[in-house]
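First the structure, in the form of structure tokens, and then the observations on it.
Protein chains: 2
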Amino acid sequence: MQLYHRQQIESVATFNPHSLSVIENAFSALGRGEVTMPPVLSMAIHEHNGEVDVKTAHIKGAERFAIKVSPGFFDNPSIGLPSLNGLMVVFSASTGLVEAVLFDEGYLTDLRTALAGALSAKYCARDDANIVTVLGAGTQARLQVSALKLVREIDTVHVWARDNAQARHYKVEVEAELGVRVIPHQDVAQACQQADIIVTTTPAKQPILHWQDIPKGAHVTAMGSDSAEKRELDPHILHNADWVLVDRRAQSEVLGELKGLALSRCVEELGKTVASGRPTARSDEAITVCDLTGTGVQDTAIANATVAKLLATYGGSPHT
Amino acid sequence: MQLYHRQQIESVATFNPHSLSVIENAFSALGRGEVTMPPVLSMAIHEHNGEVDVKTAHIKGAERFAIKVSPGFFDNPSIGLPSLNGLMVVFSASTGLVEAVLFDEGYLTDLRTALAGALSAKYCARDDANIVTVLGAGTQARLQVSALKLVREIDTVHVWARDNAQARHYKVEVEAELGVRVIPHQDVAQACQQADIIVTTTPAKQPILHWQDIPKGAHVTAMGSDSAEKRELDPHILHNADWVLVDRRAQSEVLGELKGLALSRCVEELGKTVASGRPTARSDEAITVCDLTGTGVQDTAIANATVAKLLATYGGSPHT
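Read top to bottom, the protein sequences are chains A and B.
By this note's numbering, the letter at position 298 of the first sequence is numbered 299, and the numbering carries on one by one without gaps.
By this note's numbering, the letter at position 87 of the second sequence is numbered 88, and the numbering carries on one by one without gaps.
Quick look at the structure:
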């Protein structure tokens, strides 16, 4: 059994065409029905304003599967600790023996979440999309843009955050890091006016993006909502959009933007589209939406690829 | 974050009055409604005849909670590996930070499972119970007797196993290890004739113990069934017994002996009885039954106690 720390994991797992293809293949397997993925296990720890989620999946033929544990303790920042945390335990899929503990503190979750956002744009956004609007200015607000650069020629980012100071800080950081122009806004509608791609990355519990904010031809990726209480999108968006995709319908109906809507319209799972190998048949005027709640198959896929790279790079560790 | 291996864990976690009280307090908290315990997460890996279960719980006020991962890969023995395996990841209940990985290979599960069997006897068996019948001759068949010795003056063990050679081997091992007389049998009915306590410890998929096999005044602990396909008890036992207890009703109805029975009779949860502080109100002639499927609260409780002892014994490890 190998134990790897965040620094080692960060050194081998990055945004690149290979990691994108790892997540793309995972969604494709999901779309082909080659994945076993039980519902998320969730437990609240009310006395400490905390919760813990456990996700897993097995991809037929994969060498390993991961059990990912993600605690979120929302009072942590007041004592100088991050809210989100966690690790992945990686098992041999043929013997069930523990192969590795990836003590990544949530890094691989950040990575695979942003890569799913890139995939959503790859299959749904216009080919010439180069202006992104990001709602929220946290970790995913940065990472989603990094990942989008793998699939579209992004040159401009509009950003809105509830706290405008954060949006201005984001500008400084992202312009330096990603070499794109960043324009902060105090208003969501204004931030979205020119967007080809809108990414919502907030923990909002009330809709922050409305139907009338979305320009024709834009693609929306909503990745903030991953629990029963959260919601970023005005339901009109789900009712009116030309295409609605989700990572996993059953999960989106409980944790994501589909909850409580009883949509009768066609909703496609992203994996089906990826498995077809063809982008969404969209016109240049169409508005498309993809709701991502985060799936165990992404965790198992990124863990498989990361362990292979860690073994190749670091070999056996003294913790064997 | 500390990583502890099986040998270290075995050195601090054993059968003793303290570990019994740890599990007793866990059931008591469950009975008082002070435990959050989500349903078990299960995933089958059919291509390798494997499955993985994840259990967790939080006990109000406890310092830590555990996520336990138990893989079972049933073709492993053919390549010289054990079927069962796994580890516990222990988190701070106030911050969600990982405190320890207990790489116990299933040892703590064995321990807490046997201790629950002892509790079931403590609260349900006659005070003068000293003859035990064990069905099955594997690990739990040994450990259940070890644990029972904490609560009753056990002097004689009758054992039956599908493979009689295993029952004879069990006799040699258990007589040497536990200082009790062991009598192997080729027939379940005969093995049970004199029993005060009967413990079923097999992976049977069809009932192995029948109502007419159980002598008056006996207590039955059924701990083998923990999945949708398994069953050890003839349903007549659940219909006819004077008292029926389970560790968790919702779980026993899916994974344990209650499944498919639609029992309308009174079924008590063991935690309620433990919380009351009083043994089951049984006559000397009564037949009592307790079905144990194994619960996350046992895992969290034994993990809390074990980490405290490991820290006191070994302090910080080089894996911090």
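C-beta atoms are modelled at their ideal positions from N, C-alpha and C, and glycine is treated no differently.
Since the model is a prediction, treat every value here as computed from it, not as a measurement.
Within chain A, the C-beta atoms nearer than 7 Å to that of residue 59 of chain B come from 44 and 46, in chain order.
The C-alpha of residue 195 of chain B lies about 15 Å from the C-alpha of residue 201 of chain B. With fewer than 16 other beta carbons inside 10 angstroms of its own, residue 267 of chain A counts as exposed. The C-beta of residue 315 of chain B has fewer than 16 other C-beta atoms within 10 Å across all chains shown, which makes the residue exposed. DSSP, read as helix, strand or coil, puts residue 54 of chain A in strand. Sequence-ordered contacts of the stretch 84-111 of chain A with chain B read 86, 88, 90, 92, 94, 95, 96, 97, 98, 99, 102 and 104 [C-beta pairs closer than 7 Å]. For residue 77 of chain B, the nearest CB of chain A lies under 8 Å from its own CB, placing it at the interface with that chain. Put simply, the CB of residue 237 of chain B is far from chain A, with every gap to its CB atoms at 8 Å or more. Pairing residue 205 of chain B with residue 59 of chain A, the inter-Cα distance amounts to about 27 Å. Residue 217 of chain B is classed as exposed because its beta carbon has fewer than 16 other beta carbons within 10 Å across all chains shown. The Cβ atoms of residue 9 of chain A and residue 210 of chain A lie no closer than 8 Å to each other. Taking a 10 Å sphere around the C-beta of residue 121 of chain B, we find 16 or more other C-beta atoms and assign the residue as buried.
Comparing alpha carbon positions, the residue from B/162, B/106, B/104 and B/292 closest to residue 221 of chain B is B/292. Interface flag for residue 294 of chain B against chain A is unset, since no Cβ pair is found closer than 8 Å. Contacts with chain B at 8 Å (Cβ-Cβ) do not include residue 31 of chain A. The Cβ neighbour count for residue 213 of chain A, taken over all protein chains shown within 10 Å, is under 16; the residue is labelled exposed. The beta-carbon distance between residue 304 of chain A and residue 103 of chain A, rounded to whole angstroms, is 6 Å. This is short enough to meet the 8 Å contact definition. By the beta-carbon neighbour count (other beta carbons within 10 angstroms, threshold 16), residue 309 of chain B is exposed. For the pair residue 183 of chain B and residue 152 of chain B, the CB atoms are not nearer than the 8 Å cut-off. If you look at residue 291 of chain B, you'll find it in the beta strand (DSSP E) that goes 289-292. Remark: C-beta atoms of residue 49 of chain A and residue 74 of chain A approach each other more closely than 8 Å. From the beta-carbon of residue 82 of chain B, the residues of chain A found nearer than 8 Å are 96 and 98.
Annotation: the continuous alpha helix (DSSP H) that includes residue 252 of chain B extends over 250-256.
Exclusion of the five residues before and after residue 241 of chain A leaves 212 as the residues of its chain whose Cβ lies within less than 6 Å of its Cβ. Judged by DSSP in its simplified three-state form, residue 67 of chain B adopts strand. The secondary-structure analysis by DSSP pairs residue 74 of chain B across a beta bridge with B/51. Residue 79 of chain A carries a helical assignment under DSSP once its states are collapsed to helix, strand and coil. Contact annotation for residue 37 of chain B against chain A: 44, 45, 46 and 47 [CB-CB distance below 9 Å, chain order]. Boundaries of the alpha helix (DSSP H) harbouring residue 170 of chain B: 165-179, taken from the DSSP string. Listed in chain order, the non-local C-beta contacts of residue 208 of chain B below 7 Å within the same chain comprise 232, 233, 234 and 235, local neighbours out to five positions each way being set aside.
If you keep only unbroken beta strand (DSSP E) runs of at least 3 residues inside the stretch 203-250 of chain B, you get 220-223 and 244-247. Annotation: Cβ neighbours of residue 53 of chain B in chain A (cutoff 9 Å, chain order): 57, 59, 66, 68, 92 and 97.
The stretch 97-111 of chain A makes no contact with the stretch 122-137 of chain A, as fewer than three CB pairs between them are under 8 Å.
Per DSSP, residue 157 of chain B is one residue of the beta strand (DSSP E) stretching across 157-161. Distances from the CA of residue 55 of chain A to each of B/45, B/63, B/61 and B/67 were compared; the closest alpha carbon is that of B/67.
No Cβ of chain B is located within less than 8 Å of the beta carbon of residue 218 of chain A.
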